[in-house]
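Undergrad:
Residue numbers (this note's numbering): 2 to 227.
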């Protein structure tokens, strides 16, 4: 009788989606950020949600200390995120911060960002005793999300249409929470119903290695309408 060879079985998790959170104890920063946003008449206008991402709060960091402090905090967290995912070296970073001032029943449809890494810092949110992130939530909970939750979708193409791959995660915000994830991950925000606005600041990062050999010719291209 021929002895069979042992079966070789290996598992390779090649393409995980790295998500990191930080729970910062920053009540003074949150109070200063809230004051900066509340004092600005722009964020009290009815159409501010459609225009807020046209204002880069990084450009105001020189005159608003709270924005400068948040910029420093976000870059420190970005450094740790890059270290965790293996992006090691020197980078030039393009950074955009824009505010989300969300009244009751406001929501954000599913979207992703034109950047490498997306982040959200929460200033004022609905109180919750839920965990920061629930990644093993049953599919029926997708249709009954908690108030004010951030939903992260499985980034694999058509994952929600493939039985067995219907993964998602709920993030339950609290003041001082910073979350970072690849900017290609589709995500959405469900409504909250508190009388006070939910305040958060989104941060986008685009990184370029400084030590890449620029062998290609760089030139300008202008395409005018036909």
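C-beta: ideal position from N, C-alpha, C; glycine also.
CB-CB under 7 Å to residue 136, same chain, minus the five flanking residues each way: which ones, in chain order?
TA: Position 135 of the chain shown holds residue 136. Correct list, in chain order: 170.
Undergrad: In terms of alpha-carbon separation, which member of 16, 69 and 90 lies closest to residue 37?
TA: On the chain shown, position 36 is the one that residue 37 refers to. Among 16, 69 and 90, the Cα nearest to that of residue 37 is on 69.
Undergrad: In chain order, what residues of the same chain have a beta carbon less than 6 Å from the beta carbon of residue 202, not counting five sequence neighbours either side?
TA: Taking the first residue of the chain shown as 1, we reach residue 202 at position 201. Here the set comprises 98, 100 and 122.
Undergrad: Thinking C-alpha only, which one of 150, 31, 103 and 174 is nearest residue 51?
TA: Within the chain shown, residue 51 is the residue found at index 50, counting from 1. Residue 51 has its Cα closest to that of 103, out of 150, 31, 103 and 174.
Undergrad: Check whether the region 12-24 and the region 171-185 touch, using three or more Cβ-Cβ pairs below 8 Å as the test.
TA: yes
Undergrad: With distances taken Cα to Cα, identify the nearest neighbour of residue 157 among 141, 128, 143 and 188.
TA: Looking up residue 157 in the chain shown gives position 156. Looking at the Cα atoms, 188 is the closest of the given residues.
Undergrad: Whole-angstrom Cβ separation of residue 129 and residue 173, contact assumed at under 8 Å?
TA: Here residue 129 is taken as the residue at index 128 of the chain shown, counted from 1. Here residue 173 is taken as the residue at index 172 of the chain shown, counted from 1. Taking C-beta atoms under 8 Å as the contact rule, residue 129 and residue 173 qualify, at a distance of about 5 Å.
Undergrad: Please list the terminal residues of the continuous alpha helix (DSSP H) segment that includes residue 84.
TA: Working through the chain shown from its first residue, we reach residue 84 at position 83. Boundaries of the alpha helix (DSSP H) harbouring residue 84: 66-86, taken from the DSSP string.
Undergrad: Taking all protein chains shown into account, do 16 or more other C-beta atoms lie within 10 angstroms of the C-beta of residue 222, making it buried, or fewer, making it exposed?
TA: Numbered from its first residue, the chain shown carries residue 222 at position 221. Flag for residue 222 reads exposed.
Undergrad: Ignoring anything shorter than 4 residues or poking outside the region 176-214, list the alpha helix (DSSP H) runs there in chain order.
TA: none
Undergrad: Considering only C-alpha positions, which residue in the set 208, 93 and 86 is nearest to residue 15?
TA: Within the chain shown, the letter at position 14 stands for residue 15. Comparing Cα-Cα distances from residue 15 to each of 208, 93 and 86, the minimum goes to 86.
Undergrad: Would DSSP call residue 33 helix, strand or coil?
TA: The residue labelled residue 33 in the question sits at position 32 within the chain shown. In this structure, residue 33 counts as helix in the three-state DSSP scheme.
Undergrad: If we ignore side chains and look at the alpha-carbon of each, how far apart do residue 75 and residue 127 end up?
TA: Residue 75 sits at position 74 when you count from the first residue of the chain shown. Residue 127 sits at position 126 when you count from the first residue of the chain shown. Going by the C-alpha atoms only, they are around 22 Å apart.
Undergrad: How about residue 5: is its C-beta nearer than 8 Å to some C-beta of chain B?
TA: As a matter of chain content, chain B is missing from the structure shown, which is built from one protein chain.
Undergrad: Measuring only the C-alpha atoms, how far is residue 40 from residue 154?
TA: Here residue 40 is taken as the residue at index 39 of the chain shown, counted from 1. Here residue 154 is taken as the residue at index 153 of the chain shown, counted from 1. One C-alpha to the other measures close to 35 Å.
Undergrad: Considering only C-alpha positions, which residue in the set 143, 111 and 105 is nearest to residue 198?
TA: On the chain shown, residue 198 is found 197 positions in, with the first residue counted as 1. Cα-wise, what sits closest to residue 198 is 105.
Undergrad: In whole angstroms, give me the CA-to-CA distance for residue 4 and residue 168.
TA: On the chain shown, residue 4 is found 3 positions in, with the first residue counted as 1. On the chain shown, residue 168 is found 167 positions in, with the first residue counted as 1. The straight-line gap from Cα to Cα measures roughly 42 Å.
Undergrad: What does a CB cutoff of less than 6 Å around residue 179 pick up in its chain, not counting 5 residues either side in sequence?
TA: Here residue 179 refers to the residue found at position 178 when the chain shown is read from its first residue. Taken in chain order, the residues that qualify are 23, 78 and 122.
Undergrad: If residue 209 sits next to residue 93, beta carbons under 8 Å apart, how far is it from one beta carbon to the other, in whole angstroms?
TA: Working through the chain shown from its first residue, we reach residue 209 at position 208. Working through the chain shown from its first residue, we reach residue 93 at position 92. Correct: roughly 5 Å between the Cβ atoms.
Undergrad: I'd like the span of the beta strand (DSSP E) that includes residue 243, first residue to last.
TA: Nothing about residue 243 can be read from this structure; the chain reaches only from 2 to 227.
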